Amino acid sequence: MPSKKRLLPLVAAAAFGVSADLHAQEPVVATVAEQATEPSTDSTTELDTIAVGAEAAPEPLSSAAPVRGGGLGIEEVVVTAQRRAEAINDIPISITAFSGDTLAALGVTDTRDLGNVTPGFTAADSGYNTPVYTLRGIGFNDTTYTATSTVGVYVDETPLPYSIMTKGANLDVERVEILKGPQGILYGRNTTGGAINYIARKPTDTFEYGLTGTYSSFETTEIEGYASGPLTDDLKGRIAVKDLRSQEGWQRSLTRPDDRLGKKDKQSFRGILEWTPDADLFFRLSADGWSDRSDAQAPQAIFINPQNPIVPNTPAAVGQVLDVLQNLTTPVPGVGALVQTLNNRLGNNVILAPQVANHPTVDQNTDDMRVADWAPQHRWMLDDNYWNVALRNEWTLDDSTTLTSIASYAQVASDGSSLPQSGLSVYNSEQIITAGINTTSLESRLAGQWGDGNNWLLGVNAAFDDGNESHYIFTDTQSALFPDPITGQALLASRITVAGSTRARTLGIFANGDWRFADTLKLTLGMRYSDEARKFHGCSREGPDSQGIGLELLFNALAATKGNLSFPVKDGECLTLDENGNNDEFHGKLDEDNLSGRAVLDWTPINHYLFYASYARGFKSGGFPVTNSSDQIQYTPVTQERLDAFEIGSKTALIPRVLQVNTAAFYYDYTDKQLLTRFADPIFGPLPILRNAPKSTVQGVELDLQLTPIQGLFISGAASYIDTRIDEFVSTTISGEENHDFSGRPFNFAPRFQYSVLADYSFQIGARLNLGIGADYSYMSKTNSTLEGDPRYAHRAYGLTNVRLRLTTTDGHWSAMLFARNVFDEFSQISVFQLGDAIVRYAGEPRTVGLTISYNGF
C-alpha cells in the first residue's frame, strides 16, 4: 500500500480537481474534443452527444447535434467501455477520446502518433521494426517481434495483440478511446497499462461517399476514399481505402549529403458488411489490412561504443578458451589467428574496425533530425503486411438480455524487411527480418439487467497465437566478431542468424456487474480467470553467406570449458550453448494462470458530478525473448507480472456545455515487472536478457480541462505527472557492470511530465462558408532508455506545435485545410539504443506543411 505521505497530496488533488498535473483517466465522465462532420449553416458551438467505445452504441445513442462551422467543441460522449452504451461521464474509468476527423487534423496517422496528443502515453521505436507502447509508465521494452504489449489495442473489439499489427488501425475511424489503468476484466490479456479502442465508421442507411486528397512536404501524397450504403433491405456495407506515398526521402546521409532515405509507401483497406435478418439478430463481417513498403528509418549514430567491452570475468574466460585452443592435438584451420585475437582480448585491447572507430557521428545536441547514415550498397526498406477478418453476432434473447459472439483471425508478416540499425555507412549490425504471426481470437458473452437498472455480464474467450521470426544480421565490422585491425573485416563471421518460434494458447472466463444500492452510490465488481500455455524454441547460428574462419571453433572451445570435449558445434548448427556445453536448439515451456479483479465505488452527489475510487489487479503474460544469444541462459523466460492499481478520480461539468474538468490520481504496486536488461558475456560483451524486477511502484496525477468561453471558441488542456520507481532489482547495466542495484531508479521510457493544449476558433463568412483556425502544442519531459540513467542514452525534453487553417462549405460537402505540423522544426527523439558498435538515436520527423481537400457526398 502507498505511504500516507506520498499518497495524500494526490488524493486531495484528484478529489477537488485543482492539481496542475492531472489528466483524464478511466472513463468516469469525460468529454472530448471532436471535429464535426455534419452540415451546418451557422458557427454556434453546441454540445454533441456521440457514440464511443469498444463497440459503437445503438443508433439512437449516436445521434448528435453538430458542432457548427466544422470546428471543435465540448461533446458528451456515449461509450461502451464496459460493453454497454453509457455516457462517458457516468463511467468510473479514465478515458481520453478523439474523433477520426480530429485525429486527421492533429496529424495522427497511426497508433504511434497518439503519444503526441495523449499525456501519459508514449510510443518508442524498439529498433527492430516494432513499436513499444507505454501508458502511465507501464510498458515492456522488448525487441522481440512476437513480444506482447502492456497496452492492448482493439478495432471494434477485435484484438491486435502484437504491436506490429497496429500500424494501419487509423483508417476510416469514427473515433479512438484510450482507457487508462488495468482493463483485463473485460478486455483480457496484456492490458495492465490500459487499452486503446478504435471504432471504425460503420455502414450507413443511405448512400454516402467521400474522397480526401493531401499533398505535403517531401512530395507526399495521401488519397483516401470511402463508399457506404444499403445493398438490400437488410444488408448494408462500407468500404474504405487509403494510399500514402512520398517521392522524396526526409532523411539525408551524414557521409553522403546527396543521398536520401525515408520515402513512404503505405496502403490500407477496410470493408464491412452488416446484415439484420430480423429485429433480434445482427451480423457484422469485417475485413481490413495494410501493407508498408516504405524506406526503413535510419538512426543517428551519436557515439561509437564497442559491443564487447572488457568485463570482470573476461580474463578468466578468455584464458580458459586459450587453454583449449593451445592444447589441440589436431591442427584446425584458423586457430592461430583466433589465438592471437584472444590474446589481444586478454590484454584488454578492444579491437574496433578502423572504418567504425573513425566513422563520424551525429552531435548528441544537434537540432537536425534529418541527418543519419546507412550503408549505401543495400536497399533499406520495409516489406510488412497485415490482414484481419472478423465476424460479430448479436442475438437479443429478450428485452434485457443479449448474447454477443466475436470471432477473428489475423495475420501479420515481415517478408524480408531490411533495417539499417547501426547508423553507420558500413555493415555493423544491420539486419533483415523475416517474421510472421497468426492469431485467432474467440469470445462469447451474455449481458443483461437485474433489479432496477443494474447490469451484469458473463463471458468466455480463447486466443491461439503462432509466431516465428528470423533475424539475418550483418556483422562485417562488429567488434564482438573480432575485426581485423587493418582491413576491419570480422575475423570470425560476417553474418549471424537469430531465430525463434512461439506458440501460445490463452483461455479466460470473466464476469462483471454493478449494483446501485443508493440513489447516488453504485458498486461495480469484476473478475477474470485466465490460463495460458506458451511454447518456444530458438537459437543463434552463423549465417549461410558468412565470411571468416567461422564461429564453430570458438564455440567448440567454449563448450570444452563447460566440460563438453566432443566439439559439438558443426557448420550451420546452433551456437547457443547450455550449462553443459551442449548446443541443442533451446526448447522451453511456460504455463501460467491468474485471477484478476476490479472493484469500483462511484458517487454522483448531483447531476454532472461524478467521483470514484477503484482497485484493480491486472496481469501481463510471461514470455521468451528472441535475441542474439551465446548462452541458453538468455532464453530464460520472464514470468507474468502483476499490477495492483489504486485510483480515485472525478468528472465534473462545472458549467455544463461550457467548462468540463476531469481529474485522477493513482498508485500502482508492481510485482515482477518485466525488464529488458543485460547478461555480461565475457567473450562477446553485454548481451540482452529478460528479467523480472521483484518490486516497483508508480504514482501519478492527471488533469483534463475543456472550455468553450464564447461562441465558436474551444480550448482544451491535458496534463499528466507520473513518478515511477524500481524498489528492488539487481542486474547488469548496459555497459556490462554486474550486480548493479537499480533500487530507487525510475523506469526507462517513462517521462515524468507531459501536457498538451489546443485552441480552435470557427466562424461563418458569408452565407455559404465557414472559416476555422486552430493550433495545438504538446510537451514531453526528458527520460532515458536505460534503467541506470546513462547520459549517452538520454531523451531530451521537447515540445511540438501544429497549426491549421480550414475552410468548409455550410452544406458539409467540401472542405479544405492548410496545415503545418511541428511548425518550429523542434527536435524530437523516439528512442536510443546500443546496436552493434554504436549508440544510436531514432528521431522524429521534421516540419511538414501541406494542403488537404475533401469532398463528401450524402
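Note that our numbering has the sequence shown beginning at 95, numbered continuously upward.
Ideal Cβ placement from N, Cα and C applies to all residues, glycine included.
Note that the structure is predicted; figures quoted are calculated from it, not measured.
query	result
Val161, buried or exposed, once every other Cβ within 10 Å from all chains shown has been counted against 16	Interpretation of Val161 is limited by its pLDDT of 49, a score under 50 that renders its predicted location unreliable; the figure taken from the coordinates is listed afterwards. Flag for Val161 reads buried.
Proximity of Thr314 and Arg339 at Cβ, strictly below 9 angstroms	yes
According to DSSP, residues forming a beta bridge with Tyr320	Gly304 and Ala334
Contacts around Ala106, its chain only, beta-carbon distance under 8 angstroms, and the 5 residues preceding and following it disregarded	With a pLDDT of only 36 at Ala106, under the threshold of 50, the placement of this residue in the model should not be trusted; the figure read from the coordinates follows. Nothing meets the Cβ criterion.
Limits of the unbroken beta strand (DSSP E) element including Phe913	Trp908 to Arg915
3 or more residues per run - each beta strand (DSSP E) lying fully within the region 713-796	735-749 and 753-775
Identity of the residue in Pro514, Cys633, Ser790 and Ser494 nearest Pro55 by Cα	Residue 55 is absent from the model: the chain starts at 95 and stops at 952.
Proximity to Phe843 [Cα-Cα], best of Thr203, Ala217 and Leu197	Ala217
Spatial distance of Thr135 from Ala198 (CA atoms)	With a pLDDT of only 36 at Thr135, under the threshold of 50, the placement of this residue in the model should not be trusted; the figure read from the coordinates follows. Looking at the two C-alpha atoms, the distance is approximately 23 angstroms.
Where Arg935 falls: helix, strand or coil (DSSP)	strand
Buried or exposed (CB count within 10 angstroms, at least 16 for buried), Leu945	exposed
Range of the contiguous alpha helix (DSSP H) that encloses Ile279	Gly278 to Tyr281
Close Cβ partners of Val752 (< 8 angstroms) along its chain, the five nearest in sequence each way excluded	Ile168, Leu801, Thr802 and Pro803
Cβ-Cβ distance between Thr408 and Ile777 below 9 angstroms	yes
Residue burial classification, Ile1033 (beta-carbon count within 10 angstroms, cutoff 16)	With the chain covering 95 to 952 only, the question about residue 1033 has no answer from this structure.
Counted within 10 angstroms of its Cβ, other Cβ atoms place Val554 as buried (16 or more) or exposed	exposed
Endpoints, the alpha helix (DSSP H) within which Pro448 is located	Pro448 to Ala451
Exposed unless 16 or more other CB atoms sit within 10 angstroms - verdict on Ile232	buried
Where His681 falls, given that 16 or more other Cβ within 10 Å makes a residue buried	exposed
Pair within 9 angstroms by beta-carbon distance, Leu684 and Gly712	no
Alpha-carbon to alpha-carbon, Ala447 and Phe1008	Since the first and last residues shown for the chain are 95 and 952, residue 1008 lies out of range.
4 or more residues per run - each alpha helix (DSSP H) lying fully within the region 355-434	408-420
Contact check, Val483 vs Leu379, beta carbons under 9 angstroms	yes
The region 302-318 touching the region 743-757, judged by at least three CB pairs closer than 8 angstroms	no
Coil, strand or helix - Lys876 by DSSP	coil
Residues that Arg589 bridges to, as DSSP identifies them	Phe568
Buried versus exposed call for Glu741 [16 or more other C-beta atoms within 10 Å across all chains shown]	buried
Spatially closest choice to Ala707 from Val694, Asn676 and Ser715, by CA coordinates	Val694
Length of the line joining the Cα atoms of Arg473 and Ser512	8 angstroms
Inter-residue Cα distance where the pair is Ser875 and Arg890	7 angstroms
Residues near Asn479 by beta carbon distance below 6 angstroms, same chain, minus five either side	Ser385 and Ala507
Beta bridge counterpart(s) of His1039 as assigned by DSSP	Because residue 1039 is not part of the residues shown, which for the chain are 95 to 952, the question remains open.
CB of Glu318 within 9 angstroms of CB of Ala334, strictly	yes
Contact under 9 angstroms by Cβ, Leu671 with Leu586	no
Cutoff 7 angstroms; reference Pro121; Cβ partners in own chain excluding five residues on either side	Residue placement at Pro121 is poorly supported in this model, since its pLDDT is 32, which falls under 50; the coordinates still yield a value, given next. The answer, listed in chain order, is Val173, Ala175, Ile182, Ile185, Ile187, Ser188, Ile189 and Leu273.
Sequence-distant residues of its chain with Cβ nearer than 6 angstroms to Leu575 (five each side left out)	Thr569, Ala584, Leu586 and Ala587
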